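Numbering (our numbering), first residue to last: 2 to 289. Ideal Cβ placement from N, Cα and C applies to all residues, glycine included. All values reported here derive from a predicted model rather than from experimental measurement. Below is one structure; the comments refer to it alone.
Okay, here's the thing in structure tokens:
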């Protein structure tokens, strides 16, 4: 049985279809002062899967998740597999300065204490977040789903990481599609002049797909699009897993020269074209 929270209702329905499972009705609303009301409107059995992203508004979505998990636990269900497609408060998994809160650790503990028995997330900001749980936690990859979309829509693409940190994503997709991949590298020409260009490949008159895990303000992607235009790319598709997209990020990316922007449905957005439902369903089936 699949229970979808407010932030992931469509994705929960897609997962239920992939698994040929029942989608349990959930009533979620706010009291006049903003507090959450939750009611699970159906009989549930031992095989419960809760799906809830904890992106913006992070605090509201987390509280709703805690309420759902605790309610199911009090109904006598012991195995509650919890799918958190986008893991909010996941940017800080360790303390960098004295006195800093380790937000990922705190949130992980609260999710576990609320009743989750297994955790499934998609392309966590840091793999080490899985180690913050004392229950099984899995970091799934959306790259096969993104690669499938690219393969159906782009002929002979170059998969490009906007920086070396995202090169692993580019390699994963290029290995699936058997195509070329590269990343943008900064080259210092003089003390005051830096040039950024693809490390190894010539992108002139090529269709380029930029891949990253998260697009937030879009600054890195805007820079990448501008550079690719300068180097003669014939088409630029921007792709990511998590479309946070704040501060007019989408508009800036298109203005910089992107022809298309696609993301997965870990978060709801107007570019959430690629579903991770099959990725999640396959992982859940393996755990039965």
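{"Check": "Any chance you could list the alpha helix (DSSP H) runs of at least 4 consecutive residues sitting entirely within the region 128 to 201, in chain order?", "Outcome": "144 to 154 and 168 to 178"}
{"Check": "Around the C-beta of residue 156, are 16 or more other C-beta atoms found within 10 angstroms, so that it is buried, or is it exposed?", "Outcome": "exposed"}
{"Check": "Using only CA atoms, which one of 4, 28, 240 and 121 lies nearest to residue 147?", "Outcome": "240"}
{"Check": "Starting from residue 55, follow the beta strand (DSSP E) in both directions and report where the run begins and ends.", "Outcome": "Per DSSP, residue 55 belongs to no beta strand (DSSP E) and is neither H nor E."}
{"Check": "State yes or no: is the C-beta of residue 23 within less than 8 angstroms of the C-beta of residue 14?", "Outcome": "no"}
{"Check": "Is residue 18 a contact residue of the ligand GTP, with contact defined as CB to any heavy atom under 7 angstroms?", "Outcome": "Absence of the ligand GTP from the depicted structure is noted, as is the absence of any ligand whatsoever, leaving it without description."}
{"Check": "Going straight from the alpha carbon of residue 231 to that of residue 207, what length do you get?", "Outcome": "12 angstroms"}
{"Check": "On the three-pair Cβ rule with 8 angstroms, is the region 245 to 258 touching the region 112 to 120?", "Outcome": "no"}
{"Check": "Of the residues 161, 85 and 182, which one's Cα is nearest the Cα of residue 105?", "Outcome": "85"}
{"Check": "For the beta strand (DSSP E) holding residue 27, just list the boundary residues, first then last.", "Outcome": "27 to 31"}
{"Check": "Beta-carbon separation of residue 205 and residue 184 under 8 angstroms?", "Outcome": "no"}
{"Check": "If I follow the unbroken beta strand (DSSP E) through residue 283, where does it start and stop?", "Outcome": "Taken as a continuous stretch (DSSP letters only), residue 283 belongs to no beta strand (DSSP E), being part of the alpha helix (DSSP H) at 278 to 287."}
{"Check": "When the Cβ atoms of the region 114 to 133 are set against those of the region 70 to 88, are three or more pairs found closer than 8 angstroms?", "Outcome": "yes"}
{"Check": "Assuming the contact rule is C-beta atoms closer than 8 angstroms, residue 170 and residue 275 should be a hit. Round their C-beta distance to whole Å, please.", "Outcome": "That pair is no contact at about 14 angstroms."}
{"Check": "Using a Cβ-Cβ cut-off of 7 angstroms (strictly less than) and excluding sequence neighbours within five positions of residue 202, which residues of its own chain qualify?", "Outcome": "159, 181 and 183"}
{"Check": "Does the distance from the C-beta atom of residue 266 to that of residue 277 stay below 8 angstroms?", "Outcome": "yes"}
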